[in-house]
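Enquirer: Letter by letter, the sequence shown follows residues 1 to 253 in our numbering.
First the structure, which I've put down as structure tokens, then a few questions once you've had a look.
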Amino acid sequence: MVIQYCSDLHLEFFQNNMYLHKNPINPVGDILVLAGDITYWGKKHFKHSFFDYISEHFKAVYYVPGNHEFYTGKDLRIIDKPVFVSIRENIWMVNNTSIAIEGVEFFFSTLWSRIPVDKSLYIENNVSDFYKIKYHGKALNTDIFNGLHEKSIAFLMQSILNSNASKKIIVTHHVPSQLCNPEKYKTSIINPAFVSELHTLIYDLDVDYWIYGHHHDNMPEKEINRTKLVTNQLGYVHLGEHHEFKNFANFEI
């Protein structure tokens, strides 16, 4: 089975739309995984021709929401429960949900991250999630953010522990390890809103692949124990973040 993957396409931006129109996803995989920040969550946005294109060219597409999916009013409370929402007949939005296909089990979760108390006020004032996203009608805060992260971790641990699949793939939007974080971001005070340090968890879960996105930097493949950590992010084209993006990124499992 060939798994193709990408994230951070940001279809809400004109320049990104133009880039993908000229450089469409090259369908070389059986399954396409979208690891978040594709477009805003809503029927109007899901009518985008991009979804028609990938529906026609892949057997199945699984789409994990990122943080930007919630930037135009979709209340975050929708992820209080596991998400399995159909966008096309073969495209699903998924969160805290696992799916087994031909002996391969996928575990999907936005993941979020853990923000320490001493950085919470600064991050709430300087990261757009905290004035763009609503949770049960109120502004997102770091306590809720951290709670969502803990819920994601609990889902991953329990579902993988109960899995009998011979091959396992985790898909998240947020970054699971500082190993996957470029040096230029590691000392940033807002870094905890993007990256967790889950090295021990990754080592213990012993899955085959972990696909992630979020920070718009296409780090080379990393490995913890035998888990390969991979990413393929378009990022903001108008800021020149797209040059390392591959419209064919895939692996066989």
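For glycine and all other residues, C-beta sits at the position ideal for the given N, C-alpha and C.
Remember, it's a predicted structure, so these values are computed and weren't measured experimentally.
1. Suppose contacts are defined by Cβ-Cβ distances below 8 Å. Is residue 175 in contact with residue 215 by that definition?
2. Measure from the alpha carbon of residue 98 to the alpha carbon of each residue in 86, 168 and 243, then state which is nearest.
3. Tell me which residues share the same chain as residue 136 and place their Cβ nearer than 6 Å to its Cβ, disregarding the 5 neighbours each side in the sequence.
4. Leaving out five residues before and five after residue 219 in sequence, what residues of the same chain have Cβ atoms less than 7 Å from its Cβ?
5. Below 8 Å between beta carbons: does that hold for residue 133 and residue 5?
6. At what residues does the alpha helix (DSSP H) containing residue 249 begin and finish?
7. If I measure Cβ to Cβ from residue 116 and keep anything under 8 Å in the same chain, skipping five residues before and after, which residues do I get?
8. Here's the rule: buried if 16 or more other CB atoms are within 10 angstroms of the residue's CB, otherwise exposed. What is residue 121?
9. In the DSSP assignment, the alpha helix (DSSP H) including residue 60 goes from what residue to what residue?
10. Give every residue of the same chain whose Cβ lies closer than 6 Å to the Cβ of residue 234, excluding the five residues on either side of it in the sequence, and list them in chain order.
11. Between the alpha carbons of residue 94 and residue 119, how many angstroms are there, rounded?
12. What residue from 205, 156 and 33 has the CA that sits closest to residue 65's CA?
13. Ends of the alpha helix (DSSP H) at residue 56?
14. Pair every Cβ in the region 122-132 with every Cβ in the region 146-161, then say whether three or more of these pairs are closer than 8 Å.
15. Taking the beta strand (DSSP E) that residue 86 falls in, what are its first and last residues?
16. Just to confirm, are residue 110 and residue 42 a CB contact at a threshold of 8 Å?
17. In this structure, does DSSP put residue 194 in helix, strand or coil?
18. Going by beta-carbon coordinates alone, are residue 259 and residue 112 separated by less than 8 Å?
19. Go ahead and label residue 21 buried or exposed: buried means 16 or more other beta carbons lie within 10 angstroms of its beta carbon, across all protein chains shown.
20. Return yes when the Cβ of residue 160 is within less than 8 Å of the Cβ of residue 199, no when it is not.
21. Express the C-alpha separation of residue 102 and residue 257 in angstroms, rounding to a whole number.
22. Specify the secondary structure class of residue 13 as computed by DSSP and reduced to three states.
Expert: In terms of the structure at hand:
1. The residue you call residue 175 lines up with position 175 of the sequence shown. The residue you call residue 215 lines up with position 215 of the sequence shown. Yes, these two residues count as a Cβ contact at 8 Å.
2. To locate residue 98, count along the sequence shown from 1; it is residue 98. That would be 168, whose Cα lies nearest to the Cα of residue 98.
3. Stepping through the sequence shown from its first residue, residue 136 is reached at position 136. If we look at residue 136 and ignore the five residues flanking it on each side, its Cβ neighbours are 77.
4. Walking along the sequence shown from the start, residue 219 turns up at place 219. Excluding positions up to five away in sequence, the list reads 180, 182 and 231.
5. Translated into the one-based positions of the sequence shown, residue 133 becomes position 133. Translated into the one-based positions of the sequence shown, residue 5 becomes position 5. Their beta carbons are not under 8 Å apart, which means residue 133 does not touch residue 5 by this criterion.
6. Along the sequence shown, read from residue 1 onward, the residue named residue 249 stands at position 249. Where residue 249 is concerned, there is no enclosing alpha helix (DSSP H), given that its DSSP letter is neither H nor E.
7. Start at 1 with the first residue of the sequence shown, and residue 116 comes out as number 116. Around residue 116: 192.
8. Here residue 121 refers to the residue found at position 121 when the sequence shown is read from its first residue. Under this definition residue 121 is an exposed residue.
9. Position 60 of the sequence shown holds residue 60. No alpha helix (DSSP H) contains residue 60, which is instead part of the beta strand (DSSP E) from 60-63.
10. In the sequence shown, residue 234 corresponds to position 234, counting from 1. Closer than 6 Å at the Cβ level, and outside the excluded window around residue 234, lie 8, 9, 242 and 245.
11. Counting from 1 along the sequence shown, the entry for residue 94 is found at position 94. Counting from 1 along the sequence shown, the entry for residue 119 is found at position 119. Spanning the two alpha carbons is a distance of roughly 30 Å.
12. Along the sequence shown, one-based indexing puts residue 65 at 65. Of 205, 156 and 33, the residue nearest in Cα terms is 33.
13. Counting from 1 along the sequence shown, the entry for residue 56 is found at position 56. Residues 49-57.
14. no
15. In the sequence shown, counting from the first residue as 1, residue 86 sits at position 86. Residue 86 -> beta strand (DSSP E) spans 83-88.
16. Numbered from 1 along the sequence shown, position 110 holds the residue referred to as residue 110. Numbered from 1 along the sequence shown, position 42 holds the residue referred to as residue 42. Against a cut-off of 8 Å, the Cβ pair of residue 42 and residue 110 comes out as no contact.
17. For the purposes of this step, residue 194 is taken as the residue at position 194 of the sequence shown. Residue 194: coil per DSSP, three-state reduction.
18. As shown, the chain starts at 1 and ends at 253. That puts residue 259 outside it, with no answer to give.
19. As a working mapping, residue 21 is identified with position 21 in the sequence shown. Residue 21 is exposed by the Cβ-count criterion.
20. Reading the sequence shown from its first residue, position 199 is the one you call residue 199. Reading the sequence shown from its first residue, position 160 is the one you call residue 160. Cβ atoms of residue 199 and residue 160: not closer than 8 Å.
21. Within the shown structure, residues of the chain are numbered from 1 to 253, placing residue 257 beyond reach of any answer.
22. Within the sequence shown, numbered from 1, the residue matching residue 13 stands at position 13. Looking at residue 13 - three-state DSSP - the assignment turns out to be coil, as it is neither helix nor strand.
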